[in-house]
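Under our numbering, think of the first position of the sequence shown as 14, with each following residue one higher.
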Amino acid sequence: MNKEKMHLIWDLPLRIFHWLLVLSIGASWYTSNQDNGLIEYHLWVGYFALGLIVFRILWGFIGTRHSKFINFFPSLKKITAYIQSFKQAEPLHYAGHNPLGSLMVFFMLITIFLQAVSGLFMDDDIFTTGPYSGSISSSLETVFIYIHRNGFNLMLAAIALHICAVVFYERVKKQALISAIITGKKSAKIVNKKDSINHSKIGLAILLSIVVAGFIYWLVVLNAPVIEEYYY
Ligand code: HEM
Ligand code: HEM
């Protein structure tokens, strides 16, 4: 049997990032419910999600070709050209994120980042507080608490749209996007060899993960202000 020729498009660190992000968002949601008694774990899962996003932001500058922000930044020109090409028999095709998809990618990364950062200032008015709760003015803290409690729905809406779009491209447009975000590879019938990447820069990704883990530890443990607690 002839094996279909494939080209590597998504590097391994990006794929691991994606599926760990899916797991951590699910876990953040599950542990955030006060009735589960898991809110302590919610903080740890939240720090992990924050670490993932920080990793992805830096990977957007030093990662491989299709992971770099500069190569899929959604300018108005690119978005309109892409939408207009729908009328043509051969619409524009992208090896990495298409301009509409990249708009959604930036939106999701920003909303998840805001959700995780605002969590650092949270206070549930019972026992659980983020490490920076009480360390800023109360009006700013109110804004962060508002974002954390309400931003989640916006984030969920963006994720739902993302999944619907992926399923649409998969089913209707017959583009195998889901297997690509698992294996990293796309068929040579739809992407050219010149668009593929040679390797995943794994050594660099490991080094970056260590730096990011160190930064998160510094942020939430070493640098966190000690809040005085009063017991009555
Ligand atoms: C909590 C749920 C999810 C979140 C937060 C999420 C987030 C993301 C993000 C941020 C990216 C961009 C990757 C990057 O360049 O950094 C992405 C891409 C992608 N995701 Fe998800 N995702 C979720 C669930 C899913 C699910 C369930 C599927 C499969 C059904 C999926 C399929 C994909 C695919 C195929 C891409 C690549 C899109 C493209 O080819 O342009 N995602 N996702
Ligand atoms: C992407 C990561 C995160 C997600 C998706 C997330 C999501 C949520 C959700 C949905 C709630 C319930 C809000 C409500 O009661 O309506 C919640 C509550 C909470 N979160 Fe997060 N969170 C994240 C990260 C964090 C982080 C990093 C911290 C702190 C370090 C944190 C601290 C809290 C606390 C203390 C509550 C309880 C607040 C309350 O219900 O009064 N979260 N989070």
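Even for Gly, the Cβ is constructed at its ideal location relative to N, Cα and C.
Say the cut is 7 Å; is the CB of V179 nearer than that to a heavy atom of ligand 1?
Yes, ligand 1 has a heavy atom inside 7 Å of this Cβ.
Give the residues whose C-beta lies closer than 7 Å to at least one heavy atom of ligand 1, in chain order.
L27, F30, H31, L34, V35, I38, G39, R69, S80, G109, H110, N111, G114, V118, M121, L122, I125, I172, H175, I176, V179, V180, L190, I191, A193 and I194
Compute the Euclidean distance between the alpha carbons of T77 and R69, then round it to the nearest angstrom.
12 Å
Identify whether T155 lies in helix, strand or coil by the three-state DSSP scheme.
helix
Select from I123, Q101, Y43 and I52 the residue whose C-alpha is nearest the C-alpha of A171.
I123
Can you look up H20 in the DSSP assignment and give me helix, strand or coil?
strand
Compare the Cα-Cα distances from W57 to each of P238, G132, I219 and F165 and report the closest residue.
G132
Could you check the C-alpha separation between V179 and L127 for me, to the nearest Å?
24 Å
Ignoring anything shorter than 4 residues or poking outside the segment 140-217, list the alpha helix (DSSP H) runs there in chain order.
151-184 and 190-196
Does any heavy atom of ligand 2 sit closer than 7 Å to the C-beta of Q188?
For ligand 2, not one heavy atom lies less than 7 Å from the Cβ of Q188.
Helix, strand or coil for D137, going by three-state DSSP, please let me know.
coil
Closer than 7 Å to a non-hydrogen atom of ligand 2 - does that hold for the CB of L153?
no
For a test of the three-state rule: what should DSSP assign to G64, helix, strand or coil?
helix
Would the beta-carbon of W231 be found less than 7 Å away from any heavy atom of ligand 2?
no
Among the candidates A108, P144 and S148, whose CA atom is the shortest distance from the CA of K202?
A108
From W32 to T196, what does the alpha carbon distance come to, in whole angstroms?
12 Å
Please say whether I160 and D136 have beta carbons closer to each other than 8 Å?
no
Is DSSP giving E103 helix, strand or coil here?
coil
Determine, using beta carbons only, whether Y145 and A237 come nearer to each other than 8 Å.
Their beta carbons are under 8 Å apart, which means Y145 touches A237 by this criterion.
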